[in-house]
Amino acid sequence: GLFDLNFSLISRCIDKAKKLFEAGGDWERKNRLKVYEGLFCMSTRNFKKAAD
């Protein structure tokens with residue numbers, strides 16, 4: 058999704074990953090999810106959310 062800049066696909070996958078993480082996950086996966094979400098926010102020029 059990131060290479061094709063398919064933002065709707067990326068958004069759906071991040072939302073799905075958040076739901077899966079809430080069901081159970083460790084710190085490594087949480088940190089990886091935050092990195093992916095930050096990259097998505099920067100690619101959509103949402104720098105304020107990417108900084109969080």
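Residue numbers for the sequence shown, in our numbering: 58 to 109.
Where a beta carbon is used, it is the ideal one built from N, C-alpha and C, also for glycine.
For residue i, does the count of other Cβ atoms within 10 angstroms reach 16, so buried, or fall short, so exposed?
i: phenylalanine 97; result: buried
i: glutamate 79; result: exposed
Looking only at its chain, what residues have a beta carbon closer than 6 Å to the beta carbon of residue i, apart from the 5 residues adjacent to it on each side?
i: arginine 38; result: In the structure as shown, the chain begins at 58 and stops at 109. Residue 38 is therefore absent and cannot be evaluated.
i: serine 100; result: none
Quick check on DSSP: helix, strand or coil for residue i?
i: arginine 111; result: This structure leaves residue 111 out entirely; the chain is present only between 58 and 109.
i: glycine 81; result: coil
Throw me the rounded Cβ distance for the residue i and residue j pair, which I believe falls under 8 Å.
i: lysine 75; j: leucine 90; result: 7 Å
Residues in its own chain within less than 7 Å of residue i by CB, not counting five upstream and five downstream?
i: glycine 95; result: Ala107
Establish whether the CB of residue i and some CB of chain D are separated by less than 9 Å.
i: serine 100; result: This model lacks chain D altogether; it includes just one protein chain.
Beta-carbon within less than 8 Å of residue i's beta-carbon, same chain only, minus the 5 sequence neighbours each way: which residues are those?
i: leucine 62; result: Ser100
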